[in-house]
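Undergrad:
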Amino acid sequence: MKQKIPEKHYDDTSALFQSYINNEIYNKLSGTSSIIDTYEDKLKDWFGVNNAIATSSGSSALLLALYALNIKQDDNIIVSALAPIPTLLPILQAGANIIFVDTQTNNFEFDLQDLLIALDKYKPKCIISVPVWGYPVLTTETIELAKAYNTPIIEDSAHAHGTIENGQFSGTSGIIGCFSTHENKILSTGEGGFILTNNQALANDIRIYSRLGGCDGSKIGFNFKLSGVQALIGNYRLNDMKDNLEKRERIAGTLLSLINSECKLLQEIPYSPHSKPNYYCLGLLFNRPLAKVKTTSI
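Take the sequence shown: its letters are residues 0 to 297, numbered as in numbering that gives the first Met the number 0.
1. Going by DSSP, what residues sit across from cysteine 125 in a beta bridge?
2. Going along the chain, which residues of its own chain have a beta-carbon closer than 6 Å to the beta-carbon of glycine 176, five neighbours each way excluded?
3. Helix, strand or coil: which one does DSSP assign to alanine 51?
4. Under 8 Å between the Cβ atoms of glycine 319 and glycine 220?
5. Mind checking which residues open and close the beta strand (DSSP E) that includes valine 100?
6. Specify the secondary structure class of arginine 287 as computed by DSSP and reduced to three states.
7. Whose CA, out of Leu264, Asp242, Leu61, lies closest to the CA of asparagine 286?
8. Count the other CB atoms within 10 Å of the CB of glycine 173; is the residue buried (16 or more) or exposed (fewer)?
9. Would you report the Cα separation of aspartate 239 and isoleucine 77, rounded to the nearest angstrom?
10. Are isoleucine 35 and leucine 225 close, meaning C-beta to C-beta below 8 Å?
11. Would you call glutamine 112 buried or exposed, if buried means 16 or more other Cβ atoms sit within 10 Å of its Cβ?
12. Which residue or residues does DSSP assign as beta-bridge partners of serine 179?
13. Could you check how far apart the C-beta atoms of leucine 81 and phenylalanine 107 are, in whole angstroms? I think they sit under 8 Å.
14. Report the rounded CA-to-CA distance for isoleucine 185 versus isoleucine 142, giving the unit in angstroms.
15. In three-state DSSP terms, what is glutamine 199?
16. Got a sec, what are the start and stop residues for the alpha helix (DSSP H) leucine 265 sits in?
17. Given this structure, state the Cα-to-Cα distance separating isoleucine 297 from isoleucine 258, to the nearest angstrom.
18. Excluding five sequence neighbours on each side, which residues of the same chain lie with their C-beta closer than 7 Å to the C-beta of threonine 102?
19. Is the CB-CB distance between threonine 139 and leucine 118 below 8 Å?
20. Quick check: alanine 67 and isoleucine 205, are their CB atoms within less than 8 Å of each other?
21. Indicate the three-state DSSP secondary structure (helix, strand or coil) for isoleucine 232 in the structure shown.
22. For leucine 62 and alanine 93, which I take to be in contact (beta-carbon distance under 8 Å), what is that distance rounded to the nearest angstrom?
23. Between the C-alpha atoms of asparagine 234 and serine 55, what's the straight-line distance to the nearest angstrom?
If you want it as structure tokens, here you go:
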């Protein structure tokens with residue numbers, strides 16, 4: 000019997016969800032609601048970090064990360080040549096220059112030679128890594144190279160909730176990890192995002208910048224808080240994220256088995272040992288040059 004693969008693995012019409020929302024509405028619905036603290040604590044526990052800050056979007060999370068690292072006009076920022084537009088816009092908003100670095104020919108990891116050239120030539124203030132489609136990109140070599148040049152890594156993990164990179168959750172290897180919780184993400188609050196960091200000083204600055212600069216005149220900030228209602232949804236859905244990731248992995252395994260048996264032209268995008276994608280999307284590539292592939296054989 001044919002089974003339809005569900006678009007999402009959570010049911011927001013369930014009686015349990017409705018009961019949760021009805022019972023857990025706090026006395027505030029804004030970004031200063033106590034549910035924000037509850038949600039951030041659960042994010043910290045899930046990812047195993049010291050600080051989590053809920054934000055209004057993944058884009059605002061990236062902009063806050065750049066502000067916290069004191070990125071200024073005409074600073075250079077290294078980004079993958081395959082980075083999507085939402086990764087680039089916060090860099091431009093901060094007034095910095097985008098330095099594109101090529102990827103490996105068969106995956107999304109940085110080309111180490113091209114990265115080394117960019118580090119030498121442009122003296123960047125930071126590197127932004129992007130695990131596109133949830134596929135891991137950080138390797139031991141990339142991390143060690145960044146350390147050798149004293150260049151911090153921001154992880155734009157908008158696609159990568161639960162992705163394992165070099166033995167750690169995506170968003171926890173760099174100095175700051177930025178996530179989106181937009182409607183189509185594995186963890187969704189409709190709109191929204193969050194930041195992870197083990198650096199307490201950076202976490203403090205990020206909170207100030209996301210709350211209008213602290214309103215004491217010492218800093219200029221934004222209102223980039225997540226609302227209490229969105230935090231309620233995120234808090235609820237975090238309970239199911241591990242199960243949802245396991246379901247996606249099983250579905251991807253089934254699809255890959257079919258592809259391997261029925262189509263010899265395609266293979267999964269490879270990734271490094273001690274890493275694993277979250278299967279936000281299933282990444283495939285041709286396993287021989289396109290010039291040798293007849294369209295009738297696809």
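Just so it is clear, CB atoms sit at the ideal spot from N, CA and C, and this is done for glycine as well.
TA: Looking at the atomic coordinates:
1. Within the sequence shown, the letter at position 126 stands for residue 125. For cysteine 125, which the question treats as bridged, DSSP gives the partners Ile76.
2. As a working note, residue 176 is residue 177 in the sequence shown. When the five nearest sequence neighbours on each side are left out, the beta carbons in the same chain lying within less than 6 Å of the beta carbon of glycine 176 are those of Glu154, Ser156, Gly170, Leu195, in order along the chain.
3. Against the sequence shown, residue 51 aligns to sequence position 52. If DSSP states are grouped into helix, strand and coil, alanine 51 belongs with the strands.
4. Since the first residue of the chain shown is 0 and the last is 297, residue 319 is not available in this structure.
5. Translated into the one-based positions of the sequence shown, residue 100 becomes position 101. It spans 96-100 - the beta strand (DSSP E) in which valine 100 sits, taken as one unbroken run.
6. Looking up residue 287 in the sequence shown gives position 288. Here arginine 287 sits in coil by DSSP.
7. What you label residue 286 is simply residue 287 of the sequence shown in a count that begins at 1. Sorting Leu264, Asp242, Leu61 by C-alpha distance to the C-alpha of asparagine 286 places Leu264 at the top.
8. Numbered from 1 along the sequence shown, position 174 holds the residue referred to as residue 173. By the neighbour-count rule (16 or more Cβ atoms within 10 Å), glycine 173 is buried.
9. To locate residue 239, count along the sequence shown from 1; it is residue 240. To locate residue 77, count along the sequence shown from 1; it is residue 78. So the alpha carbons of these two residues sit roughly 35 Å apart.
10. As a working mapping, residue 35 is identified with position 36 in the sequence shown. As a working mapping, residue 225 is identified with position 226 in the sequence shown. Result yes, Cβ atoms of isoleucine 35 and leucine 225 sit closer than 8 Å.
11. Within the sequence shown, numbered from 1, the residue matching residue 112 stands at position 113. Exposed is the call here.
12. In the sequence shown, the residue the question calls residue 179 occupies position 180. Gly192, per the DSSP bridge assignment.
13. Translated into the one-based positions of the sequence shown, residue 81 becomes position 82. Translated into the one-based positions of the sequence shown, residue 107 becomes position 108. The Cβ separation is near 6 Å, so the contact holds.
14. Within the sequence shown, numbered from 1, the residue matching residue 185 stands at position 186. Within the sequence shown, numbered from 1, the residue matching residue 142 stands at position 143. So the alpha carbons of these two residues sit roughly 26 Å apart.
15. Your numbering for residue 199 matches position 200 in the sequence shown. Reduced to three states, the DSSP call for glutamine 199 is helix.
16. Residue mapping note: residue 265 aligns to position 266 of the sequence shown, counting from 1. Run containing leucine 265: none in the alpha helix (DSSP H); it sits in the beta strand (DSSP E), 265-267.
17. On the sequence shown, position 298 is the one that residue 297 refers to. On the sequence shown, position 259 is the one that residue 258 refers to. With a pLDDT of only 43 at isoleucine 297, under the threshold of 50, the placement of this residue in the model should not be trusted; the figure read from the coordinates follows. Approximately 11 Å, taken between the alpha carbons.
18. Taking the first residue of the sequence shown as position 1, residue 102 is located at position 103. Closer than 7 Å at Cβ, skipping near neighbours: Ser79, Ala80, Leu81, Glu108, Phe109, Asp110.
19. The residue labelled residue 139 in the question sits at position 140 within the sequence shown. The residue labelled residue 118 in the question sits at position 119 within the sequence shown. Against a cut-off of 8 Å, the Cβ pair of leucine 118 and threonine 139 comes out as no contact.
20. Numbered from its first residue, the sequence shown carries residue 67 at position 68. Numbered from its first residue, the sequence shown carries residue 205 at position 206. Pairing alanine 67 with isoleucine 205 gives a Cβ-Cβ distance under 8 Å.
21. The residue you call residue 232 lines up with position 233 of the sequence shown. It is helical.
22. Translated into positions along the sequence shown, residue 62 becomes position 63. Translated into positions along the sequence shown, residue 93 becomes position 94. The Cβ separation is near 7 Å, so the contact holds.
23. Taking the first residue of the sequence shown as 1, we reach residue 234 at position 235. Taking the first residue of the sequence shown as 1, we reach residue 55 at position 56. Each residue's Cα considered, the two are about 15 Å apart.
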